[in-house]
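Colleague: Protein chains in written order, with our numbering: chain A, 1 to 341; chain B, 1 to 341.
Note that the Cβ used here is the ideal one computed from N, Cα and C, for glycine as well.
It should be emphasised that the depicted structure is a prediction, and the values quoted were computed from it without experimental measurement.
For reference, the structure I am asking about is given below.
Number of protein chains: 2
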Amino acid sequence: MCFTNFRCFKSKKLKLMNYNETIEGILKGSRKHLAKAISLLESYREDDLLIAQNLLDELMPSTGKSYRIGITGIPGVGKSTFIEAFGEEILKFEPKKKIAVITIDPSSPKRGGSILGDKVRMNSLSRHENVFVRPSPSKGEQGGGALKTYETCLLMEAAGYDIIIIETLGVGQSEYKVGQMVDAFLLLHMPATGDELQGMKRGILELVDLLIINKCDGKLEHEGKLNKKIFEQVFHLSATKKKWSPPVLLASSKEKEGVGVVWQELKKFLLHQKKTRDFQKKRENQALECFNQQLIFKLNKKIREKETKLLSYEAIQEKIKNGLLCPSKAAQIVLENLMKA
Amino acid sequence: MCFTNFRCFKSKKLKLMNYNETIEGILKGSRKHLAKAISLLESYREDDLLIAQNLLDELMPSTGKSYRIGITGIPGVGKSTFIEAFGEEILKFEPKKKIAVITIDPSSPKRGGSILGDKVRMNSLSRHENVFVRPSPSKGEQGGGALKTYETCLLMEAAGYDIIIIETLGVGQSEYKVGQMVDAFLLLHMPATGDELQGMKRGILELVDLLIINKCDGKLEHEGKLNKKIFEQVFHLSATKKKWSPPVLLASSKEKEGVGVVWQELKKFLLHQKKTRDFQKKRENQALECFNQQLIFKLNKKIREKETKLLSYEAIQEKIKNGLLCPSKAAQIVLENLMKA
């Protein structure tokens with residue numbers, strides 16, 4: 001191994017960290033070493049990323065043994081509160097499980113996190129010794145963000161986490177990406193009257209394996225039950241005997257009601273997936289898709305490095321957008337330029 | 001221009017065809033030259049493809065002026081019959097429009113085409129002087145098929161076609177790909193009772209801009225009307241003021257009823273898209289996406305050409321699938337190997 005020592009990203013003093021120690025630490029479940037490896041992944045420095053990549057590559061044989069759960073929902077639907085109740089419920093049923101949570105960066109109100117910050121977020125859950133809570137590494141970065149979340153997942157698996165929950169914001173494109181990297185995808189919905197029910201993002205229901213109508217307490221309970229019927233009808237449209245039809249569950253994270261049922265239904269779904277071998281197939285495709293994305297990502301980087309005055313990548317894309325350059329010709333020019341240099 | 005003459009693909013005798021003549025021919029709307037250019041696109045020969053690419057690149061300034069319409073539906077729903085009635089209806093309203101249709105290859109029953117073959121397919125429509133019917137170029141080819149359909153579209157535009165209809169089979173992945181290359185996506189549905197209504201492909205409704213309940217005649221009319229209500233409710237879920245809510249229309253291609261309304265509603269949709277500038281944005285994204293796909297396609301080809309015993313692309317993919325190689329590391333190895341050679 002060529003890297004025996006590396007500088008840790010984010011530490012203000014140059015701190016020497018032992019490479020092998022980090023690997024051993026992660027495999028032993030050390031939070032400190034896991035956190036440092038994730039920080040390296042998040043770095044913008046080329047050398048940090050290279051170390052993170054090598055670390056991850058050595059840890060690969062110890063990955064893949066968790067359940068990866070995506071949870072989405074629009075701001076205000078109560079994702080954090082639900083995840084906290086959900087995590088505690090899982091630990092009640094299976095106290096030996098280790099749970100990792102990748103949350104939306106809480107410091108940024110734009111991304112839907114609480115402006116109150118880390119400290120009040122999943123306060124009770126995050127203090128549990130078997131739980132590791134970490135903000136999403138994808139802040140603001142275009143394209144590469146979802147890839148980093150995927151790799152963070154792998155690192156967490158190597159550190160022995162059995163269940164990885166990825167919180168994602170129900171706006172923008174993020175939930176499509178997360179939906180494509182998890183084993184199960186949960187949508188949190190808030191009870192709404194017929195007209196308010198409008199505006200649900202098109203495409204989102206297609207990704208869903210379990211729909212949870214949250215905040216089903218007090219005044220909202222009645223509406224929640226009506227909503228349930230509508231969603232069941234929608235899912236019925238795409239139901240076949242072989243396929244999984246997403247259950248629609250009512251829950252109240254506040255009253256901690258119905259959250260245990262979510263875990264039971266989720267386990268049913270995961271077992272169903274394993275039985276039909278869809279679980280493994282999905283994972284294989286996800287890994288290959290991630291590889292393709294990495295290929296594009298790294299290729300784009302190389303193209304930018306090698307662009308000349310004659311061949312500006314931006315100019316090529318502009319020409320394609322305006323229909324002045326045919327995409328296949330453009331791809332050929334770019335590749336030839338890359339190989340020449 | 002380096003290619004002044006080229007051998008025409010598919011012709012058994014080596015026939016010399018003039019490059020500039022082909023370009024001029026296409027721009028003048030010659031069916032013969034258009035058909036030959038499409039055949040070159042479909043070729044498996046490297047040299048044919050290079051000519052097709054150069055042809056297309058020169059024709060680019062004359063592309064982009066059509067409406068691209070995708071039509072999908074499961075086998076038996078009556079796609080060909082509908083497209084025939086639809087095309088004739090358009091010509092009734094706008095007799096000067098030129099219509100091109102890319103159909104499912106009719107010679108292959110597996111792909112959902114009629115085994116009776118070309119001759120009885122869209123018999124009446126295809127004889128119209130303003131109509132050009134061509135089977136889809138994507139037969140059996142993995143990955144590249146949709147890209148070729150996209151490029152065929154561009155060639156047809158250069159030949160002056162105002163409306164391009166792309167028929168696609170409502171099974172497999174094809175309609176997702178076609179859904180992402182057209183301006184409007186129509187789903188043909190057959191009236192069904194509640195239980196039969198099941199089994200609709202998940203994800204398909206998300207792509208739809210217009211849903212047509214076809215075969216709404218005789219016994220099926222009543223059920224069709226009931227289905228309409230259910231679909232309207234589904235679309236209502238994702239409706240907002242700004243967004244287009246897909247209309248659900250009843251039609252009978254046999255009785256030629258309701259088909260004219262489809263054209264009127266489709267035009268409303270296209271105008272709505274142009275007004276919100278979504279039309280142009282979608283096209284730009286489609287062109288860039290096509291470029292990315294071409295980049296991956298050509299890159300994969302180059303990787304395969306340059307693979308050594310040490311680096312078999314298949315072996316790398318197998319390792320990624322089995323979680324033994326981390327995707328980012330794999331991408332780096334592949335790119336480095338490519339650049340080295």
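What residues from chain A crowd round B:M60, counting only those whose CB sits closer than 8 Å?
Modeller: Those within 8 Å of B:M60 in chain A are G323, L324, L325, C326.
Colleague: What are the complete alpha helix (DSSP H) segments, minimum 4 residues, inside the segment 73-109 of chain B?
Modeller: With a minimum length of 4 residues, the continuous alpha helix (DSSP H) runs that stay inside the segment 73-109 of chain B are 79-93.
Colleague: A:E167 by DSSP, collapsed to three states: which one?
Modeller: Strand.
Colleague: Any idea what DSSP makes of B:G160, helix, strand or coil?
Modeller: In the structure shown, B:G160 sits in coil (DSSP, three-state: anything other than H, G, I, E or B).
Colleague: Should A:P191 and B:L324 be called a contact, given that it needs their Cβ atoms to be closer than 8 Å?
Modeller: Contact: no.
Colleague: Tell me which residue opens and which closes the beta strand (DSSP E) that B:V131 is part of.
Modeller: Looking at the DSSP string, the run of the beta strand (DSSP E) that includes B:V131 is 131-135.
Colleague: How about A:I102 and A:S136: do their beta carbons lie closer than 8 Å?
Modeller: Their beta carbons are under 8 Å apart, which means A:I102 touches A:S136 by this criterion.
Colleague: Residues in the segment 256-289 of chain B with C-beta within 7 Å of chain A's C-beta atoms, listed in sequence order?
Modeller: Answer in chain order: E284, A287, L288.
Colleague: To the nearest angstrom, how far is it from the Cα of A:H128 to the Cα of A:A158?
Modeller: For A:H128 and A:A158, the distance between alpha carbons rounds to 19 Å.
Colleague: Does the segment 289-301 of chain A come into contact with the segment 317-334 of chain B, if we say contact requires no fewer than three beta-carbon pairs (one atom in each stretch) closer than 8 Å?
Modeller: The segment 289-301 of chain A vs the segment 317-334 of chain B: in contact.
Colleague: Hey, A:I320 and B:F291: beta-carbon distance below 8 Å or not?
Modeller: Cβ distance < 8 Å, so A:I320 and B:F291 count as in contact.
Colleague: Residues bridged to B:L211 by DSSP?
Modeller: DSSP lists B:L187, B:V248 as partners of B:L211.
Colleague: Check the Cβ-Cβ distances between A:K302 and every residue of chain B, and say whether any is below 8 Å.
Modeller: With 8 Å as the cut-off, A:K302 counts as an interface residue toward chain B.
Colleague: Please check if any C-beta of chain B sits within less than 8 Å of the C-beta of A:F86.
Modeller: Chain B contact via Cβ: absent.
Colleague: In three-state DSSP terms, what is B:E257?
Modeller: Strand.
Colleague: Looking only at DSSP bridge pairs, what is A:Y313 linked to?
Modeller: Answer is none; A:Y313 lacks a bridge partner.
Colleague: Indicate whether the contact test is met: 3 or more Cβ pairs, each with one atom in the segment 79-90 of chain B and one in the segment 243-261 of chain B, closer than 8 Å.
Modeller: Yes: at least three Cβ pairs fall under 8 Å.
Colleague: Is the closest heavy atom of the ligand MN to the C-beta of B:E167 under 7 Å?
Modeller: Summarising the ligand content, the structure contains no ligands, and the ligand MN is consequently not present.
Colleague: Quick test of the definition: if touching needs 3 or more C-beta pairs under 8 Å, does the segment 244-254 of chain A touch the segment 212-224 of chain A?
Modeller: A contact exists between the segment 244-254 of chain A and the segment 212-224 of chain A.
Colleague: A:S80: buried (16+ other C-beta within 10 angstroms of its C-beta) or exposed?
Modeller: So A:S80 ends up on the buried side.
Colleague: Write down the C-beta distance between B:L205 and B:L266 rounded to the nearest angstrom, noting that I regard them as a contact closer than 8 Å.
Modeller: Going by Cβ atoms, the distance from B:L205 to B:L266 rounds to 17 Å, so no, they are not a contact pair.
Colleague: When you compare each of A:I23, A:E42, A:G64 to A:Q286 by their alpha carbons, which one comes out closest?
Modeller: The shortest Cα separation from A:Q286 among A:I23, A:E42, A:G64 belongs to A:G64.
Colleague: Using a Cβ cut-off of 8 Å (strictly closer), state whether B:E151 contacts chain A.
Modeller: Interface residue, yes.
Colleague: Looking at A:I71 and A:L155, is the spacing between their C-beta atoms short of 8 Å?
Modeller: For A:L155 and A:I71, no; Cβs fall outside 8 Å.
Colleague: Verify whether the separation of the beta carbon atoms of A:F399 and A:L34 is less than 8 Å.
Modeller: For residue 399 of chain A there is no data in the structure shown, the boundaries of chain A being 1 and 341.
Colleague: Would A:I69 pass as a contact of A:A146 if the rule is Cβ separation under 8 Å?
Modeller: Going by C-beta atoms, A:I69 is not nearer than 8 Å to A:A146.
Colleague: Quick check: is the beta carbon of A:I320 nearer than 8 Å to any beta carbon in chain D?
Modeller: No chain D appears in the structure shown, which is made up of the protein chains A and B.
Colleague: Ends of the alpha helix (DSSP H) at B:Q293?
Modeller: Looking at the DSSP string, the run of the alpha helix (DSSP H) that includes B:Q293 is 278-306.
Colleague: Taking only beta carbons into account, state which residues of the segment 76-101 of chain B come closer than 9 Å to chain A, listed in chain order.
Modeller: For the segment 76-101 of chain B, which is checked against every Cβ of chain A, not one residue is closer than 9 Å.
Colleague: What is the residue span of the alpha helix (DSSP H) that B:G224 lies within?
Modeller: Element bounds for B:G224: 220-237.
Colleague: Less than 8 Å between CB atoms is the rule here; does B:L40 satisfy it with respect to chain A?
Modeller: It does not; no Cβ of chain A falls within 8 Å.
Colleague: For a contact meaning CB atoms closer than 7 Å, what does B:F291 contact in chain A?
Modeller: Residues of chain A passing the Cβ test: I320, P327, A330, A331.
Colleague: Tell me whether B:R283 is buried or exposed, calling it buried when 16 or more other Cβ atoms sit within 10 Å of its Cβ.
Modeller: Buried, because 16 or more other Cβ atoms sit within 10 Å of the Cβ of B:R283.
Colleague: What whole-angstrom Cβ distance do A:I104 and A:L169 have, given they're in contact under 8 Å?
Modeller: Between A:L169 and A:I104 the Cβ distance is about 6 Å, and since that is below 8 Å, they are a contact.
Colleague: Spatial neighbours of B:E232 within its chain, please: C-beta separation below 7 Å, excluding the five flanking residues on both sides.
Modeller: Taken in chain order, the residues that qualify are V248.
Colleague: Pull up the distance between the alpha-carbon of B:F82 and that of B:I166, whole angstroms please.
Modeller: Roughly 13 Å between the two C-alpha positions.
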